[in-house]
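Student:
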Ligand SMILES: Nc1ncnc2c1ncn2[C@@H]1O[C@H](COP(=O)(O)OP(=O)(O)OP(=O)(O)O)[C@@H](O)[C@H]1O
Ligand SMILES: [Mg+2]
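Chains as they are written, first to last, in our numbering: chain A, 1 to 307; chain B, 1001 to 1362.
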């Protein structure tokens, strides 16, 4: 059974196609991660699924409901952390949780909720005075007050310290363990590798790759690569004298794509024959990050790291 | 669908926030009191200067003339002679005063023939000036009695039912209107625009709380604040400045409808604008003319005619006029009319605010 079904979803803002005909589904109990550079359309997609924005075209079902027309019903069954979660200035986390519990008509132990996201020490600090990471943790706690079947987390770990990030990962694993479905966006690819059963990479409103992490790496990755510390002469030699796919980073690293075992042997032989200086030879597999950068372009990813 | 429990939960959070943000608390409850103290002290006159006392002498003899010159000899009062042929009560009220003395016909004759006779002092029991006038009159009467053969002159007191009102009487309803306008208006303009910017409405829309419940909770809060303000200001007005206030259920009508209207208006301004900054500008443009021209600090009737016409298109005018009608004049029919005008304006603003106020975007 699917928790989320999306087919041919489109959403435009004027000329800009923020979401441009995407399709995917998330099974019940699955952690699904949406990746993509800034402006790819992740938040737009997620907010359409949450019933916070209307779509232009396509078919969307979330927990067997149309999120826009049945939003009020849907909201009782889902949990949400919006990107850049903000809240009222003056309630303390404990009060905020009680407030949400009353709104949802459920009984929860605020301290238990706070413990779950490691926020006990700030239980009585006004939201206004919480640190960025603590605010994010409160967002996480609030999204769980109504014991949701499906949780949407839009960049839940952005701005968290490594310890807090791992705590959030722990919470997400627990959610999965309890049979809940999770939809997660993140800019940390290792986070997706760590947590997600399935991943979709979005760029310019389109899904450019999807599946399990290893499926994506297998179908979009270059397989294995050999890297050698060497200069321009080796690069030129390899290009001239072999049919290998060779790259050079312009400084000190030559990369050779290994399509099969023969490529590896050819490469080794050619390096030896070139007579160039070389060292630090290594063979590695593409990571999700390598695939991601290849699919969405390093320029965009570079900007992203800077921002 | 509508849940009172959720309204209360929201009210609790919002109320705590209003108290914790000290500026909000100050502007809601403390500031109006400061204004009443300030304006009350400046314009009530207080003990400064002599009190004007109107004297009507119905006697033609020499004793009454001596009596009046004795009164004139004191520095605390200034005497003004009233014509003998007029109804004294009406005369006082037409001169916006409650302080007066009537010397009866045959006063000199009775005094000289040791027959008892009363001088009548008109006054307002709540007013300090009336006590002064009574005290001075009694003293002079005593000295005449000592000089005479026997104690024949008495002092009768007469309450002057004042249809003349003091500045403070207008100031109290005016400033209650001021409080009902400013604190919900400024708060809601700010809250609705900054909640929109910070996506807090979006956040709230993910809970079962509805737009209407949220708005109702704000109305409850500001109605309660205005009610507290009303009590504080009335007490300050009465005990410090001797304001006359009629407490009646009619006051309740205005204390509910006023904040209701301005919560909706603030909401409308906040949602119709694009940023907290522009919301603040539009909010000020709407609020400031109302703040000064609706009879908050001075009765509208004391303004030039063209400004009075401006006042009549400002919703706050009807609130203050209505409050003045019930609190000072005890005058229900016109107050009800003011209330109806307010109810219609409020309904229109409320419907517009709710229409524009959407927690989600499309
Ligand atoms: N309300 C809106 N009005 C106009 N344009 C919008 C609106 N919301 C989103 N967009 C545009 O749609 C595109 C997708 O935005 P979206 O927020 O979905 O990106 P994202 O993938 O979540 O990016 P990020 O990783 O930076 O959060 C962007 O170009 C953005 O400018
Ligand atoms: Mg986003």
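We put the beta carbon where it would ideally sit given N, CA and C, even for glycine.
Just so it is clear, the structure is predicted and the values come from calculations on it, not from any experiment.
1) For residue 1006 of chain B, would you say it is in contact with chain A, using Cβ-to-Cβ distances shorter than 8 angstroms as the test?
2) I'd like to check one pair, residue 1015 of chain B with residue 1249 of chain B: are the Cβ atoms closer than 8 angstroms?
3) For chain A, find out if any of its Cβ atoms is closer than 8 angstroms to the Cβ of residue 1218 of chain B; answer yes or no.
4) Might you give, ordered along the chain, the residues of its own chain that have their beta carbon closer than 8 angstroms to the beta carbon of residue 1048 of chain B, omitting 5 neighbours on each side?
5) Look up residue 1123 of chain B in the DSSP assignment and give the residues it is bridged to.
6) Using a Cβ distance threshold of 8 angstroms, determine whether the region 4–12 of chain A contacts the region 52–60 of chain A, with at least three qualifying pairs required.
7) Any Cβ of chain B within less than 8 angstroms of the Cβ of residue 292 of chain A?
8) Helix, strand or coil: how does DSSP classify residue 57 of chain A here?
9) In or out: residue 1110 of chain B buried (at least 16 other Cβ within 10 Å) or exposed?
10) Roughly how many whole angstroms lie between the Cα atoms of residue 114 of chain A and residue 238 of chain A?
11) Closest to residue 1360 of chain B by C-alpha separation, out of A:4, A:15, A:43 and A:68, would be which residue?
12) In three-state terms, what does DSSP make of residue 1110 of chain B?
13) Rounded to a whole number of angstroms, what is the C-alpha to C-alpha distance between residue 216 of chain A and residue 202 of chain A?
14) For the alpha helix (DSSP H) that contains residue 1333 of chain B, what are its first and last residues?
15) Is the Cβ of residue 14 of chain A closer than 8 angstroms to any Cβ of chain B?
16) In chain B, what lies closer than 9 angstroms to residue 95 of chain A by C-beta?
17) Thinking residue 1071 of chain B and residue 1102 of chain B are a contact (beta carbons under 8 angstroms), I'd like their distance in whole angstroms, please.
18) Using a Cβ-Cβ distance cut-off of 8 angstroms, determine whether residue 102 of chain A contacts chain B.
19) Using the C-alpha atoms, what's the distance from residue 1090 of chain B back to residue 1115 of chain B?
20) Which residues count as close to ligand 2 when the rule is a CB under 7 angstroms from any of its heavy atoms, in chain order?
21) Considering only heavy atoms of ligand 1, does any lie closer than 7 angstroms to the CB of residue 192 of chain A?
22) Any contact of the region 1163–1181 of chain B with the region 1206–1214 of chain B, i.e. 3+ C-beta pairs under 8 angstroms?
23) Any beta carbon of chain A sitting closer than 8 angstroms to that of residue 1293 of chain B?
24) With distance defined between alpha-carbon atoms, name the residue in B:1026, B:1319, B:1025 and B:1182 nearest to residue 1280 of chain B.
25) So what does DSSP say about residue 136 of chain A, is it helix, strand or coil?
26) Within 8 angstroms, do at least three Cβ pairs link the region 154–170 of chain A to the region 86–104 of chain A?
27) Kindly list, in the order they appear in chain B, the residues whose Cβ is closer than 7 angstroms to that of residue 99 of chain A.
28) Is residue 1224 of chain B close to chain A, meaning its C-beta is less than 8 angstroms from at least one C-beta of that chain?
29) Using DSSP with H/G/I as helix, E/B as strand and the rest coil, what is residue 1327 of chain B?
30) Does DSSP put residue 1048 of chain B in a helix, in a strand, or in coil?
31) Are the Cβ atoms of residue 1169 of chain B and residue 1328 of chain B separated by less than 8 angstroms?
Tutor: Working from what's here:
1) yes
2) no
3) no
4) Model confidence at residue 1048 of chain B stands at a pLDDT of 48, short of 50, so the residue's coordinates are unreliable; what they give is reported in the following sentence. Taken in chain order, the list of residues that qualify is empty.
5) B:1159
6) yes
7) no
8) strand
9) buried
10) 59 angstroms
11) A:68
12) helix
13) 13 angstroms
14) 1332–1356
15) no
16) 1012, 1013 and 1016
17) Their Cβ separation, rounded to whole angstroms, is 12 angstroms, which puts residue 1071 of chain B and residue 1102 of chain B out of contact at 8 angstroms.
18) yes
19) 29 angstroms
20) A:42, A:43, A:83, A:154, A:155 and A:185
21) no
22) no
23) no
24) B:1182
25) helix
26) no
27) 1009 and 1013
28) no
29) helix
30) Confidence at residue 1048 of chain B is low in this model, with a pLDDT of 48, below 50, so the placement of that residue is unreliable and no value is reported for it.
31) yes
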